[in-house]
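**Student:** One structure, as structure tokens, below. Some questions next.
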Amino acid sequence: LDPRNPDDFPDIELALDDPNGLLAVGGDLSPERLLIAYRNGIFPWYNEGQPILWWSPAPRAVLWPARLKISRSLGKTLRRGGFAITLDEQFDEVMRQCSLPRRTQAGTWISDEMRFAYHRLHALGYAHSVEVWQDGALVGGLYGIAIGKMFFGESMFSRATDASKVGLIHLLAQLQQWGFQLIDGQVESAHLLSLGAELIPRKQFIALIRQACELPPVTSPWRFDPTIQMELRTTGRLNIPQ
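The sequence shown begins at 107 in this note's numbering and counts up by one.
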């Protein structure tokens with residue numbers, strides 16, 4: 107990619123089948139390039155020491171808030187109300203926690219370069235975080251990018267059982283209330299599938315996000331509607347009218 111041209115992406119139909127979705131190499135992580143990438147169903151993912159790699163996998167894992175699956179045990183966790191959930195209060199710390207190596211990983215793909223790039227998007231109002239607290243400690247969270255009425259999930263972490271799932275459920279409820287219909291989960295995972303994620307063809311995904319990205323964004327500061335938290339704590343279900 108040409109570092110001087112943030113729109114310098116190949117046609118996504120040229121993405122490789124193996125490795126699934128690899129589309130381009132190089133460029134930079136400027137806000138302009140990142141926003142163009144997300145609007146076209148492309149995201150960066152690469153390990154430290156590698157050049158920047160850009161991906162558009164097929165099929166694509168997505169979550170529709172209205173189709174969210176909440177297991178009986180997770181519903182009990184919601185009703186117990188042992189977590190406090192906030193929005194955009196600790197974005198940098200959520201990214202830092204997400205970047206810490208996990209038992210199944212030798213390193214991290216959320217490098218200092220990535221953290222700085224998404225910090226800039228957060229300052230511009232595009233990147234957002236969910237924080238999950240227990241007894242005053244940050245025990246879970248997630249972050250992603252919002253463009254128009256489309257949310258692109260990036261990463262999550264959990265230091266307590268179900269913490270990241272509880273945070274995601276609260277986010278889905280709030281996004282549904284704001285008129286978001288689709289959340290990008292990027293690639294298939296057991297975690298997302300347990301919550302009802304579905305796999306759709308790349309072409310369908312691109313058509314959906316291009317429409318959603320053109321809708322009016324949420325311009326006020328991101329905060330949870332307290333009625334959402336009350337509803338989830340009372341019923342253990344996602345049943346918030348739009």
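Ideal Cβ placement from N, Cα and C applies to all residues, glycine included.
1. Do you know whose CA, among G285, F286, I306 and L281, lies nearest V293's CA?
2. Mind checking whether the beta-carbon of A318 lies closer than 7 Å to any heavy atom of the ligand FAD?
3. Out of A243, D117, G250 and D290, state which residue places its alpha-carbon closest to the alpha-carbon of R265.
4. Pairing CB atoms from the segment 246-257 with CB atoms from the segment 278-289, are three or more of them under 8 Å?
5. Go through its chain and collect everything with a Cβ distance to S304's Cβ below 7 Å, but skip five positions before and after it.
6. Quick check on this structure: which residue in C319, L298 and P327 has the alpha carbon closest to the alpha carbon of P171?
7. My output table needs one value for Y249: the three-state DSSP class, helix, strand or coil.
8. Write down every uninterrupted run of the beta strand (DSSP E) in the segment 264-303 whose length is 3 residues or greater and which is fully enclosed by it, in chain order.
9. DSSP puts L159 in a beta bridge; with which residues?
10. Contact between the segment 335-342 and the segment 183-195 is defined here as three or more beta-carbon pairs at a separation below 8 Å; is this criterion met?
11. Verify whether the separation of the beta carbon atoms of G181 and V236 is less than 8 Å.
12. When you compare the CB positions of L107 and D117, do they come within less than 8 Å of one another, or not?
13. Exposed or buried, what is D290 when buried is set at 16 or more other beta-carbons lying within 10 Å of its beta-carbon?
14. Leaving aside the five residues before and after A121 along the sequence, list all residues of the same chain whose C-beta is less than 6 Å from its C-beta, in chain order.
15. Would you identify the three-state DSSP class for L338, choosing helix, strand or coil?
**Tutor:** Reading it off the structure:
1. The residue given as residue 293 occupies position 187 in the sequence shown. Among G285, F286, I306 and L281, the Cα nearest to that of V293 belongs to I306.
2. For the ligand FAD, the structure offers nothing, since it holds no ligand at all.
3. The residue you call residue 265 lines up with position 159 of the sequence shown. Nearest option by C-alpha distance: A243.
4. yes
5. Walking along the sequence shown from the start, residue 304 turns up at place 198. Note on identity: in this sequence residue 304 is Glu, with Ser being the wrong assignment. So the list reads V168, once near-sequence residues are dropped.
6. For the purposes of this step, residue 171 is taken as residue 65 along the sequence shown, with counting starting at 1. Measuring from the Cα of P171, the nearest candidate turns out to be L298.
7. In the sequence shown, the residue the question calls residue 249 occupies position 143. Strand at Y249.
8. 288-292
9. Taking the sequence shown and counting its residues from 1, the one referred to as residue 159 is at position 53. Per DSSP, the beta-bridge partners of L159 are V131.
10. yes
11. By one-based count along the sequence shown, residue 181 stands at place 75. By one-based count along the sequence shown, residue 236 stands at place 130. No, the Cβ-Cβ distance between G181 and V236 is not below 8 Å.
12. Within the sequence shown, the letter at position 1 stands for residue 107. Within the sequence shown, the letter at position 11 stands for residue 117. No.
13. Sequence index remark: in the sequence shown, residue 290 carries index 184 (1-based). Label assigned to D290: buried.
14. Taking the first residue of the sequence shown as position 1, residue 121 is located at position 15. Answer for A121: G127, L129 and S162, listed in chain order.
15. Position 232 of the sequence shown, counted from the start, is the residue given in the question as residue 338. In the structure shown, L338 sits in a helix (DSSP, three-state: H, G or I).
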